[in-house]
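*Asks:* Chains as they are written, first to last, in our numbering: chain A, 6 to 150; chain B, 6 to 150; chain C, 6 to 150; chain D, 6 to 150. This structure is in structure tokens; I'll ask about it shortly.
Protein chains: 4
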Amino acid sequence: MPHDFYTKRRIEFADTDMAGIMHFARFFVFMETAEHEFLRSLGASVESKLDNLRLGWPRLAVSCEYLSPAKFEEVLDIHLMVARKGNKSMTYKFEFHRGEALIARGQVSAACCVFYPDGKLKAIPIPDFIASQIQEAPQGEERGA
Amino acid sequence: MPHDFYTKRRIEFADTDMAGIMHFARFFVFMETAEHEFLRSLGASVESKLDNLRLGWPRLAVSCEYLSPAKFEEVLDIHLMVARKGNKSMTYKFEFHRGEALIARGQVSAACCVFYPDGKLKAIPIPDFIASQIQEAPQGEERGA
Amino acid sequence: MPHDFYTKRRIEFADTDMAGIMHFARFFVFMETAEHEFLRSLGASVESKLDNLRLGWPRLAVSCEYLSPAKFEEVLDIHLMVARKGNKSMTYKFEFHRGEALIARGQVSAACCVFYPDGKLKAIPIPDFIASQIQEAPQGEERGA
Amino acid sequence: MPHDFYTKRRIEFADTDMAGIMHFARFFVFMETAEHEFLRSLGASVESKLDNLRLGWPRLAVSCEYLSPAKFEEVLDIHLMVARKGNKSMTYKFEFHRGEALIARGQVSAACCVFYPDGKLKAIPIPDFIASQIQEAPQGEERGA
Chain A
6 MPHDFYTKRR
16 IEFADTDMAG
26 IMHFARFFVF
36 METAEHEFLR
46 SLGASVESKL
56 DNLRLGWPRL
66 AVSCEYLSPA
76 KFEEVLDIHL
86 MVARKGNKSM
96 TYKFEFHRGE
106 ALIARGQVSA
116 ACCVFYPDGK
126 LKAIPIPDFI
136 ASQIQEAPQG
146 EERGA
Chain B
6 MPHDFYTKRR
16 IEFADTDMAG
26 IMHFARFFVF
36 METAEHEFLR
46 SLGASVESKL
56 DNLRLGWPRL
66 AVSCEYLSPA
76 KFEEVLDIHL
86 MVARKGNKSM
96 TYKFEFHRGE
106 ALIARGQVSA
116 ACCVFYPDGK
126 LKAIPIPDFI
136 ASQIQEAPQG
146 EERGA
Chain C
6 MPHDFYTKRR
16 IEFADTDMAG
26 IMHFARFFVF
36 METAEHEFLR
46 SLGASVESKL
56 DNLRLGWPRL
66 AVSCEYLSPA
76 KFEEVLDIHL
86 MVARKGNKSM
96 TYKFEFHRGE
106 ALIARGQVSA
116 ACCVFYPDGK
126 LKAIPIPDFI
136 ASQIQEAPQG
146 EERGA
Chain D
6 MPHDFYTKRR
16 IEFADTDMAG
26 IMHFARFFVF
36 METAEHEFLR
46 SLGASVESKL
56 DNLRLGWPRL
66 AVSCEYLSPA
76 KFEEVLDIHL
86 MVARKGNKSM
96 TYKFEFHRGE
106 ALIARGQVSA
116 ACCVFYPDGK
126 LKAIPIPDFI
136 ASQIQEAPQG
146 EERGA
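Right under this line is the structure:
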């Protein structure tokens, strides 16, 4: 039962800013996409439906620490870990490496919600077909820990 | 009856790329926002409803010519002109100036559509409360023409 | 001597995602732009030079908590507070309100750096023409505290 | 000697807008990244150097026609064709398909430039190590033509 996921991503020109490095906000897009790849790998696209309502994962809280700049065309190794599997929410940790160098460390907490056709959303317990496939990562899972 | 609209916008850090200039794709966001400001100035937000269906303006075709680079913190003068008012679509032209210098020239054609709750969309004649307020710009309206 | 700054910003179409709300990563762009407006209000653009080297503020750590969704065309009130003025870094707190409703709370720590022409950067003490103009906000400054 | 290039790309959550489809400006990022993959496949990264100056390809003109909406998680097939190899510029055409369906058609003209350390840029003849590897696509290359 997976508790983590690895993916890779190359930094694009549009990810950079005039400081010549990847713009700090883009790391959150990289995290979100890694999370979606992880859910997809479980057969649980973020576009899943529950009783014909669209499932979604609005963010509760996010953070990122930047340890070293990342540059255009570099390929980042992204490591997603399930830090906490709650009843109605998930917390993921992320590490970004370029080779051996740790570039950034992030965290995302997201609530499991259904979207009603009028745009309203309501937090719900994580459906079993997702929850049953995920477990929390053991402590100290980070590389080198 | 207006046929054009003026707005200003300062280039943000996140608009730039590692070449030190505004990323070319951001010009389209500037055009779209100017278009929305124009519609809002007519009391016709892009979030308008028609028979309780959401109105929207998906793009049919867009283009942009870049004449001079634009840099961080510069303020661009944006001039929107109504190039064509069709039955179910609008075509806008845009000019971006920094002081006297012409930076870029763009064009956007958008279809007037209603969105159904299932996500489908259908082109409709531009509702009268919008169409009645807009006219096409006379030819040769561009600055200096 | 200012320890905070207020600005406003309307949510654009390109700020939204298919959940119909402002994309969570865009809050960081709103924070960054508010920070730059604050620095500019002190006469200290982020584009300042020191001994002919470009000054910049790469991010050390950022975070955001999301309390309520924000939607297209809404105008957010953004309140920047100087949480910490270090020797070589600054920490800002941010609050986003829509009317009375608190939408999100964020934090950004940034290092004061010079950029060398080869792209390298080095942390430096915050130049006096900036540091002398800023003070830390008193504790409990958040609205309603 | 290649005159075209194929790549694929999955639409991310952050590529979408509140209309539930891929935001129109993101197509230009997809085109730019495909162009960079093409150059990289020739051993000619956009980060190439010439006489120790950075090479770059600022855009002269771009356009896109949208034929059908593209949605979250869909995988687009992107076909780049060399429409024109000039002395100092390149023009690429792009087609985006989802399966058999043509989603969008785009075009990008870019000037070959060197960037001086002061940020100035100058158009130059396309260096031979790039120009010698590329040829124009025959007319009528588009799929189905």
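We treat Cβ as the ideally placed atom computed from N, Cα and C, and that holds for glycine.
Determine the burial state of Gly-48 (chain B): buried for a count of at least 16 other Cβ atoms within 10 Å of its Cβ, exposed for fewer.
*Replies:* Exposed is the call here.
*Asks:* On the CB-based measure, 16 or more other CB atoms within 10 Å of its CB, does Ser-46 (chain C) come out buried or exposed?
*Replies:* Result: exposed.
*Asks:* If you reduce the DSSP assignment to three classes, tell me which class Glu-37 (chain B) lands in.
*Replies:* Helix at Glu-37 (chain B).
*Asks:* Give every residue of the same chain whose Cβ lies closer than 6 Å to the Cβ of Asp-20 (chain C), excluding the five residues on either side of it in the sequence, and list them in chain order.
*Replies:* Only Met-27 and Arg-31 meet the Cβ criterion.
*Asks:* According to the Cβ coordinates, are Ala-142 (chain B) and Met-86 (chain B) closer than 8 Å?
*Replies:* Yes; because the gap between Cβ atoms is below 8 Å, this pair is in contact.
*Asks:* Please state whether DSSP places Ala-19 (chain C) in a helix, a strand or coil.
*Replies:* Ala-19 (chain C) falls in the helix class under three-state DSSP.
*Asks:* Based on the DSSP secondary-structure assignment, which residues constitute the bridge partners of Lys-90 (chain A)?
*Replies:* Note: Lys-90 (chain A) sits in a beta bridge opposite A:Met-95.
*Asks:* I need the boundaries of the beta strand (DSSP E) containing Ala-66 (chain D), first residue and last residue.
*Replies:* Its beta strand (DSSP E) spans residues 64–71.
*Asks:* Looking at the C-beta of Ser-68 (chain D), does it have a partner C-beta in chain B at a distance below 8 Å?
*Replies:* Interface residue, yes.
*Asks:* Does DSSP put Leu-47 (chain D) in a helix, a strand or coil?
*Replies:* Leu-47 (chain D): coil per DSSP, three-state reduction.
*Asks:* Could you tell me whether the region 100–115 of chain D touches the region 72–84 of chain D, using the rule of 3 or more Cβ pairs below 8 Å?
*Replies:* A contact exists between the region 100–115 of chain D and the region 72–84 of chain D.
*Asks:* Looking at Phe-120 (chain D) and Ala-24 (chain B), is the spacing between their C-beta atoms short of 8 Å?
*Replies:* Result yes, Cβ atoms of Ala-24 (chain B) and Phe-120 (chain D) sit closer than 8 Å.
*Asks:* Between Val-34 (chain C) and chain A, is there a C-beta pair that is closer than 8 Å?
*Replies:* Answer yes: the Cβ-Cβ gap between Val-34 (chain C) and chain A drops below 8 Å somewhere.
*Asks:* What residues from the region 87–104 of chain D come within 8 Å of chain B, judged by C-beta to C-beta, listed N to C?
*Replies:* Correct list: empty, as no residue qualifies.
*Asks:* Comparing the C-beta of Asp-22 (chain B) with each C-beta of chain A, is any distance below 8 Å?
*Replies:* Yes, Asp-22 (chain B) lies at the interface with chain A (some Cβ there is under 8 Å from its Cβ).
*Asks:* Tell whether a beta-carbon distance below 8 Å holds between Leu-81 (chain C) and Ile-16 (chain C).
*Replies:* Yes. Within cutoff.
*Asks:* Per DSSP, which residues does Tyr-11 (chain A) bridge with? Please list them.
*Replies:* Per DSSP, A:His-84.
*Asks:* Got a sec? Which residues, its chain only, sit under 7 Å from Lys-93 (chain D) by beta carbon, not counting five neighbours each side?
*Replies:* Excluding positions up to five away in sequence, the list reads Ala-116, Cys-117, Ala-128, Ile-129, Pro-130 and Ile-131.
*Asks:* Taking all protein chains shown into account, decide if Tyr-11 (chain B) is buried (16 or more other Cβ within 10 angstroms of its Cβ) or exposed.
*Replies:* By the 10 Å Cβ count, Tyr-11 (chain B) comes out exposed.
*Asks:* Any beta carbon from chain B within less than 8 Å of Phe-120 (chain D)'s own beta carbon?
*Replies:* Yes, contact with chain B.
*Asks:* Measure how close the beta-carbons of Phe-18 (chain C) and Asp-22 (chain D) come, nearest whole angstrom, since I'm counting them as under 8 Å.
*Replies:* Yes, they are in contact, since the Cβ atoms of Phe-18 (chain C) and Asp-22 (chain D) sit about 6 Å apart, within 8 Å.
*Asks:* Since Phe-120 (chain B) is in the beta strand (DSSP E), which residue starts that stretch and which ends it?
*Replies:* Note, Phe-120 (chain B): beta strand (DSSP E), 118–120.
*Asks:* Check whether the Cβ of Ala-19 (chain D) lies closer than 8 Å to any Cβ atom in chain C.
*Replies:* Chain C contact via Cβ: present.
*Asks:* Closest to Gln-138 (chain B) by CA distance: which of B:Arg-64, B:Asp-56, B:Lys-90 and B:Cys-69 is it?
*Replies:* The shortest Cα separation from Gln-138 (chain B) among B:Arg-64, B:Asp-56, B:Lys-90 and B:Cys-69 belongs to B:Lys-90.
*Asks:* Taking all protein chains shown into account, decide if Lys-98 (chain D) is buried (16 or more other Cβ within 10 angstroms of its Cβ) or exposed.
*Replies:* When all chains shown are included, Lys-98 (chain D) counts as buried.
*Asks:* Kindly list, in the order they appear in chain C, the residues whose Cβ is closer than 9 Å to that of Glu-37 (chain B).
*Replies:* In chain order: Glu-17, Phe-18 and Ala-19.
*Asks:* For Ile-26 (chain A), is the beta carbon positioned less than 7 Å from some heavy atom of the ligand SAM?
*Replies:* In the structure on display, the ligand SAM does not appear, and there are no ligands present to speak of.
*Asks:* Spatial neighbours of His-8 (chain D) within its chain, please: CB distance less than 8 Å, with the 5 preceding and 5 following residues excluded, ordered by chain position.
*Replies:* Result list for His-8 (chain D): Met-86, Val-87, Ile-139, Gln-140, Glu-141, Ala-142, Pro-143 and Glu-146, in chain order.
*Asks:* With a threshold of 16 other CB atoms inside 10 Å of the CB of Leu-55 (chain D), please say whether the residue is buried or exposed.
*Replies:* Result: exposed.
*Asks:* Going by CA-CA distance only, name the one from D:Glu-40, D:Phe-29, D:Met-6 and D:Lys-13 that's closest to Met-95 (chain D).
*Replies:* When only C-alpha atoms are compared, the closest one is D:Glu-40.
*Asks:* How about Phe-43 (chain A): is its C-beta nearer than 8 Å to some C-beta of chain F?
*Replies:* Absent from the structure is chain F; the protein chains it does hold are A, B, C and D.
*Asks:* For the alpha helix (DSSP H) that contains Ala-128 (chain B), what are its first and last residues?
*Replies:* No alpha helix (DSSP H) holds Ala-128 (chain B); the beta strand (DSSP E) holding it covers 126–128.
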